[in-house]
Amino acid sequence: MVMVIAGSALLRPLQVVDAWFIMNQDSRRVVIIRVAVLFVLAAFRISLPLLGYGVVAVAWTYMIEAFLASVGSYIAYRRYNKGYEWVVSRARVASVAREFVPLLLMSSTALIYQRLGQVMLAWLSDLDQVGIYAASASLVDAPKFPLIALAVSATPRLLALKQTDPVRFREALQDFARFVNLFGYAVTIGLVVVFAPLAPLILGKAYADATVVIIILGVSTPLIALGASLQLLTNWEKLYRQAVVRNLSGALISVALNFALMPRYGAVGGAISTFCALLWVYVIGVALDKKTRFIFDITLPTLEPIGSTKVLLARRRKRKEEQALLREMNDFYSA
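Right, here's the structure in full:
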C-alpha cells in the first residue's frame, strides 16, 4: 500500500506545466482540472470502503489521481501552447537549484511538525487513534485545496505589483489575505457544521472521536489561510532562516504537547497539539521575530471577518465605478 501511494509521486513531475499557466496568469484551466480530479477521486475514496474494498484499493486512487491530474495538465498545456518548446540550460538549472535549497529546508522542517503527530500517536496511544486522526485529517484537508490554488493563481499579479508599485502591492496583498481568510472561515464553518457530524456516519461508530478531531483541525483553517500570505512574503523577502527556526520550534512545541496530551486524549490530543503548533508557526512566531513582524502587521487586520467583507465590497464598488467611468470616456471620445 505504501509503495502504491509513494509511486504516485513519480507522476507528479509531469504537473510542472502548471508553472507555465501560473506565469501567464492563466492558471484557471489547470485549477479546474485539479479540482475536478480531486472531487471525483474523493468520491471514490469514500465509496470504496462502503462497498467493502480494503485500504489497498483506496491507496490505488492516489495513483489514479496523480495520473489524471498529470495527463490533464499536459493536454491543457499542449492545447493552449502549441508553439512553445522546452529549452534546457545548464546555467538556469544551476540557478534554480541554488534557489531550491532554502525552499527545501523550509518545506522539510514544516513537514516535521505537520507529520510528527501521527508518528507519536502510534507510539503514545494505539493504532485505532492513529486511524481516527488520519481519517479526520484527510477529510479536513480536502476542502483546503482551493486555498492553495488561490494563492498560486494570485502570485504573478502580486509579484508584479511588488516590483512596480509598493503602495498598491501592500493594498493588494491585504485584499488577497482578506479574501483567503474569509474563505478559510467558510471552510471552517463547513467542516464544523457539516463534516464533523457526518464523520461517524460515514466512517462508522469506531470513529466517534473523529467529530471532535475534525472540529479542532477545522478551526485551524484560518491559520493556514494566514500561511498563504506568509509563504509568499517569506519567499520574496528571503526569510528562509526565520521560517526554519519557526518550524523547528513549532515541532518542539508539538512534541511537548504530544507527550502531555496523547497518552490520555489520543487523537483529540494530537489535534490540539497540531492547532497549537500552527498557531505558533503562522501567528505568534511571526509576531515575535523582528524581521517578520511586518508580515504580522499586514495580515492581522485581515483576520476580522466583518471589516474584511466591508473593505472587499467597497473595493468592488470602486472598481465598478472606475470601469463605468472608463466606458463613458471611451464612448465620448469614440462618438
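Taken in order, the sequence shown gives residues 1 to 335; the numbers are from the numbering used here.
Each residue gets a CB set at the ideal place from its N, CA and C atoms; glycine is no exception.
Tell me whether residue i sits in a helix, a strand or coil according to DSSP, three-state version.
i	result
residue 186	helix
residue 292	coil
residue 70	helix
residue 205	helix
residue 128	helix
residue 53	coil
residue 278	helix
residue 273	helix
residue 141	helix
residue 266	coil
residue 81	coil
residue 312	helix
residue 238	coil
residue 171	helix
residue 180	helix
residue 328	helix
residue 58	helix
Confirm, please, whether the CB-CB distance from residue j to residue i is below 8 angstroms.
i	j	result
residue 69	residue 32	no
residue 267	residue 132	yes
residue 291	residue 226	no
residue 358	residue 42	The structure shown does not extend to residue 358, since the chain is modelled only from 1 through 335, so no value can be given for it.
residue 161	residue 168	yes
residue 330	residue 117	no
residue 44	residue 61	yes
residue 206	residue 128	yes
residue 50	residue 57	no
With a cut-off of 8 angstroms on the beta carbons, I'd call residue i and residue j a contact; round off their distance for me.
i	j	result
residue 298	residue 174	6 angstroms
residue 156	residue 185	Contact flag wrong, Cβ pair sits at about 26 angstroms.
residue 232	residue 134	With 8 angstroms as the limit, residue 232 and residue 134 do not qualify as a contact, their Cβ atoms being about 30 angstroms apart.
residue 286	residue 296	5 angstroms
residue 214	residue 243	The pair is not a contact, with the Cβ atoms about 28 angstroms apart (cut-off 8 angstroms).
residue 46	residue 253	Wrong, their Cβ atoms sit about 33 angstroms apart, outside the cutoff.
Between the options, which has its C-alpha nearest residue i's C-alpha?
i	options	result
residue 115	278, 168 and 331	278
residue 72	240, 313, 37 and 61	37
residue 283	220, 240 and 102	220
residue 79	30, 124, 102 and 123	30
residue 234	334, 260, 194 and 99	99
residue 236	163, 90 and 305	163
residue 224	194, 319, 188 and 87	188
residue 170	74, 313 and 294	294
Using a Cβ-Cβ cut-off of 8 angstroms (strictly less than) and excluding sequence neighbours within five positions of residue i, which residues of its own chain qualify?
i	result
residue 217	136, 137, 140, 191, 271, 274 and 275
residue 208	200
residue 126	266
residue 90	none
Return the chain-ordered list of same chain residues with a C-beta closer than 7 angstroms to the C-beta of residue i, the five sequence neighbours on each side being excluded.
i	result
residue 308	178, 181, 182 and 302
residue 262	120, 121, 124, 125, 269 and 270
residue 102	240
residue 324	none
Apart from the five residues just before and just after residue i, which ones in its own chain have a Cβ nearer than 6 angstroms to its Cβ?
i	result
residue 250	113, 277, 280 and 281
residue 176	154
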